[in-house]
Amino acid sequence: MTRLAGILIFIAVSTSVGFAQNYEVEYTNHPLNEVLIGLGEKYDFQFSFNDQLLSQYKLTVHRTFHTKQEVIAHLLKDLPLDYETSGEVFIIFAKVMEPVTYHLSGQIMETGTQEVLPFSHVLINDFGTITDLKGAFSYSSNIDSVFHVKASHLGCYVLDTILYAGLHQKVYLTPAMVGLPEIIVKNNIVEKSAQVGESPGLTKLNPYIANYLPGNGDNSVFNLLRLQPGILAAGEQPNDLIIWGSPEGTSRVFFDGFTIWGLKNFNDNISAVNPYLAKNVNIFKGGYDVTHEDVVGGIVNITGKNGSTQQSGFNFFVNNQTVNGMAELPLFKKSSLVMAFRKTYYKLFDGEDLNLFSAQGSGRGQIEAVVYPDYEFRDINLKYALHGDNGDLFYISFLGAKDQFSYDAQRNVNNNVVFQSSQEGNTQSGATVYYGKNWSLGARTHLKMSYSALKSTYDLNRRVENRWNGRIRSKVDEHADTDVVEFSTEAKNEWQLTDKHQLQAGMGITQNSIRLVEDTFDIVLVDMQEKANRLHLFTQDQLSLGVNVKLTGGLRFNYAQNIKKGTIDPRVSLSIRTLGYLKFNLAWGLYHQFLVKSSVVDESGNYRYSWTIADDEQIPVMSSMHWVAGAAWSRDKFTASVDAFFKENEGLTRYIRDRRIPESIYEGVSRSYGLDFYIKQDIRHHSVWASYSLGKTEEFFTYFRDGLYRRAPQDQRHEFKLAGLINLKHWHFSANYVYGSGFPLYTDAINQEFTEPDYNRVDVSLTYKLWGKKFRGEAGFSLLNVLDAENVKYSSFTKVPIDQVNTVYINSESVGFTPLLYVKVGF
78 MTRLAGILIF IAVSTSVGFA QNYEVEYTNH PLNEVLIGLG EKYDFQFSFN
128 DQLLSQYKLT VHRTFHTKQE VIAHLLKDLP LDYETSGEVF IIFAKVMEPV
178 TYHLSGQIME TGTQEVLPFS HVLINDFGTI TDLKGAFSYS SNIDSVFHVK
228 ASHLGCYVLD TILYAGLHQK VYLTPAMVGL PEIIVKNNIV EKSAQVGESP
278 GLTKLNPYIA NYLPGNGDNS VFNLLRLQPG ILAAGEQPND LIIWGSPEGT
328 SRVFFDGFTI WGLKNFNDNI SAVNPYLAKN VNIFKGGYDV THEDVVGGIV
378 NITGKNGSTQ QSGFNFFVNN QTVNGMAELP LFKKSSLVMA FRKTYYKLFD
428 GEDLNLFSAQ GSGRGQIEAV VYPDYEFRDI NLKYALHGDN GDLFYISFLG
478 AKDQFSYDAQ RNVNNNVVFQ SSQEGNTQSG ATVYYGKNWS LGARTHLKMS
528 YSALKSTYDL NRRVENRWNG RIRSKVDEHA DTDVVEFSTE AKNEWQLTDK
578 HQLQAGMGIT QNSIRLVEDT FDIVLVDMQE KANRLHLFTQ DQLSLGVNVK
628 LTGGLRFNYA QNIKKGTIDP RVSLSIRTLG YLKFNLAWGL YHQFLVKSSV
678 VDESGNYRYS WTIADDEQIP VMSSMHWVAG AAWSRDKFTA SVDAFFKENE
728 GLTRYIRDRR IPESIYEGVS RSYGLDFYIK QDIRHHSVWA SYSLGKTEEF
778 FTYFRDGLYR RAPQDQRHEF KLAGLINLKH WHFSANYVYG SGFPLYTDAI
828 NQEFTEPDYN RVDVSLTYKL WGKKFRGEAG FSLLNVLDAE NVKYSSFTKV
878 PIDQVNTVYI NSESVGFTPL LYVKVGF
């Protein structure tokens, strides 16, 4: 019985297997939709699918399957298709594919020195971007892993190349410097003196070009600045930049991240920035974005050299005023140390150089006394930089500087004799600690901590006495100490979200402190100390709307702890490129400034300025609105641009010491508007450029009796500049010309002005360069103010009333005819 049951089971199983369905699929290069239709007709398969989608996939199959599921799984294998069943129906659909993102990140560096090149232009697949302080860039694409890259930096040959997806790549640009004969670059162009029009109100300068401009070399960076449109050159302002009519103290110069408050420079020839150290210069004249510091004027951002990690070097410079030396030392293969020192090596003028003269002024009873000042100066720079393998950068930069400016004047005026001596000393210090990190997938982080301080002293002694009886008619004895200190920290992050979308966000804390002491005849009039902390947050979104349109919008929030007040500054800009060579820029933004420079005016109309912290009571927070529009054309080494601007400033303050009106701090407003025109042509190794600025700056203070706006002290209607550089291999010739219409000069604190004479100045220079494999030499000769025009420095007059008719004007004269000679060597 048991044996019979086993036989029956075996027979049943064998019968079942014998009747199981087999599916034979025989197709050669057939579309998938036709294969499925055939299976449905032959084996009663039921399908639901997109006929057009499946028709694009062709299959070759010669195989037998045992189940329907095996058939479908094999047919869809290696295809971007999937299926599910609903009863007996196979539903076939396209797989939801995870997008593949290709990432490219890298760093722009200089051939030979391995110096990073910050703020370089990089064009990736027609998408434009700017490298950060580390020279880093990043880009993402969902389309292709091959990238067409075009990189440029001022002073370097443009690189046009192909890069493949990958992180932390190094891109090297060759500097176009005479002195590298072993490097030959053919069929390429070089970015030379300046770039304009890339962003609203932005100008980029090549500091190497500055070395060939007329001058003694110790102010070459600022000589190049003063030749740009929108930056006041006429008047040779001694310790502040006036950009697009900005009031005193509203524009700021930064070096390696800390503030340069301004040192008194002599005859426009010695500046606070050592030209050996300048690597990159960006000028933001207005309409800049939310990532920049809280000022209402313009910004000049100077990036210093990090030093070569490949070989040591030494440079020495001497002229008939100063000595200057710089050393570069590579350390441990990935780091470097840069040291530089400058000093005036003798007093620029002795007593025999004082030249006093008088001039009757157009019937106004003005008698002018011109003096040449004594000036002493020295500074030191130190910078240590460490480079990571993935493009990370760490550096510590330090500056210490000191100067002393003084003059003595004596002048007989009718029955009186005027004695005046003035002395001003400044001590500038600054330091920055910076760390920049490149993350995977193109994200970047910047951490910065900066300190800067300016300690100034001012002394004025004046007396007017009768020549015959010695009776003193008037006497002044003033002394002032001013200290301004800024400490700041900031963290900023950047994300390249897609190939057309970049996001930035950051936050920081700034602490400002000031101390002001004023006395007269040893009686203390002012003894003030203030300190304030401020928190700032910002976020910014940058979108590329197609290849030729870029929209940037951001918000900056400030909270001032001392006044418990917050401000929100929205800013937006739009750039449109058309025809490949023409670009239009628009920008609008709100700006606030919490550390302000207040003017002090005495009854003779003499201006003096001092830093103070806004308390929103006597000293309001300064605010400004910027409108900027511009266009730039750049093609075949020819560049032309035009910029229009309009700025409204509120919260200006002025302290009036005049017995005719109540002595008080008065609040005011100002507005400036105008046009900048700029053209530049590069012809082989030569360059020539010209600019014209048409502008107007007006101000109104509550003490104005007529209730009308009047010309601001820095108002200038016209300024024209022309410069040319000729490069004949070893010989370099350059010349520049500046014309500026006259500034207003008020007779006292409240009365109407007359206009100073127009400004005219022609400078020329000739430089000879000699180089070898291990030696570089250079000798230069300059003639400043070749025509010996009698120009007037901006805000340089000191007015001394003698009686009801006569006033003595003591003027620290602007640059007269001045020959300069310098020698430079490097190893």
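Going letter by letter, the sequence shown gives residues 78 to 904 in this note's numbering.
Glycine included, C-beta positions come from ideal geometry on N, C-alpha and C.
Bridge partners - residue i, DSSP secondary structure assignment
i	result
Gly772	Gly751
Ala20	The chain is shown from 78 up to 904; residue 20 falls before or after that span and cannot be answered.
Phe797	Tyr769, Tyr816
Leu200	Gly205, Lys227
His464	Leu470
Arg788	Glu775
Lys479	Arg455, Thr504
Tyr780	Looking at the DSSP assignment, Tyr780 forms no beta bridge with any residue, so it has no partner.
Gln588	Phe564, Asn610
Leu897	Ser859
Close beta carbons around residue i, own chain, < 7 Å, minus the five adjacent residues each side
i	result
Pro896	Leu860
Gly477	Asp456, Ile457, Ser506
Gly363	Gly278, Trp321, Gly375, His703, Val705, Phe722, Lys724
Thr597	Asp554, Glu555
Lys411	Thr386, Leu463, His464
Whole-Å CB distance - residue i paired with residue j, under 8 Å assumed
i	j	result
Ile645	Leu612	At roughly 13 Å, the Cβ-Cβ gap does not stay under 8 Å, so Ile645 and Leu612 are not in contact.
Thr178	Asn127	Contact doesn't hold; Cβ gap of about 27 Å is too wide.
Tyr104	Leu156	Going by Cβ atoms, the distance from Tyr104 to Leu156 rounds to 15 Å, so no, they are not a contact pair.
Gln579	Glu571	7 Å
Met699	Val373	5 Å
Gly58	Ser718	Residue 58 lies beyond the range of the chain shown here (78 to 904); nothing can be said about it.
Thr141	Tyr100	7 Å
Asn726	Ile690	Not a contact, Cβ separation roughly 18 Å.
Phe564	Tyr528	5 Å
Whether residue i touches residue j by CB criterion (7 Å)
i	j	result
Phe361	Gly278	yes
Ser764	Lys724	no
Leu518	His245	no
Leu778	Tyr823	Going by the sequence as given, residue 778 is Phe instead of Leu. No.
Gly801	Ala812	yes
Lys773	Thr716	no
Leu659	Trp710	yes
His230	Leu210	no
Tyr353	Ala417	yes
Gly390	Glu405	yes
Thr327	Lys356	no
Gln581	Gln617	yes
Arg544	Lys552	no
Phe634	Gly583	no
Residues near residue i by beta carbon distance below 6 Å, same chain, minus five either side
i	result
Arg648	Asp366, Val367, Gly631, Gly666
Thr238	Val226
Asn55	With the chain covering 78 to 904 only, the question about residue 55 has no answer from this structure.
Gln500	Ser483, Asp536
Trp766	Lys757, Ala800
Gly502	Gln481, Thr534
Val677	Arg685, Tyr732
Leu116	Phe122
Leu200	Lys227
Val562	Ala530, Ser590
Val902	Phe393, Gly854
Pro284	Val298, Ala355, Val358
Sequence-distant residues of the same chain with beta carbon closer than 8 Å to residue i, five excluded per side
i	result
Gln191	Ser385, Thr386, Gln387, His464
Ser217	Thr178, Tyr179, His180, Leu181, Leu518, Gly519, Gln573, Leu574, Thr575, Asp576
Glu775	Ser747, Arg748, Ser749, Tyr786, Arg787, Arg788, Ala789, Asp792
Tyr160	Ile149, Leu153, Phe167, Ile168, Ile169, Phe170
Leu309	Arg303, Leu318, Ile319, Ile320, Gln791, Gln793, Glu796, Gly817, Tyr871
Phe204	Tyr216, Asp576, Lys577, Ser621, Val624
Val138	Val102, Glu103, Tyr104, Val112, His151, Leu152
Glu694	none
*Fully enclosed by the region 664-697, which beta strand (DSSP E) runs are 3 residues long or longer?*
672-679, 684-690
*Hey, which unbroken runs of the beta strand (DSSP E) at 3 residues or more fall wholly within the region 611-666?*
626-637, 642-655
*With a floor of 3 residues, list each beta strand (DSSP E) that falls wholly inside the region 319-390, ordered by position along the chain.*
Inside the region 319-390, DSSP marks whole beta strand (DSSP E) runs of 3 or more residues at positions 329-332, 335-337, 355-361, 376-381, from first to last along the chain.
*Where are the beta strand (DSSP E) runs, 3 residues long or more, that stay fully inside the region 707-749, in chain order?*
Whole beta strand (DSSP E) segments, 3+ residues: 715-734.
*Report the residue ranges of all beta strand (DSSP E) runs contained in full by the region 141-166; include only those spanning at least 3 residues, in chain order.*
158-163
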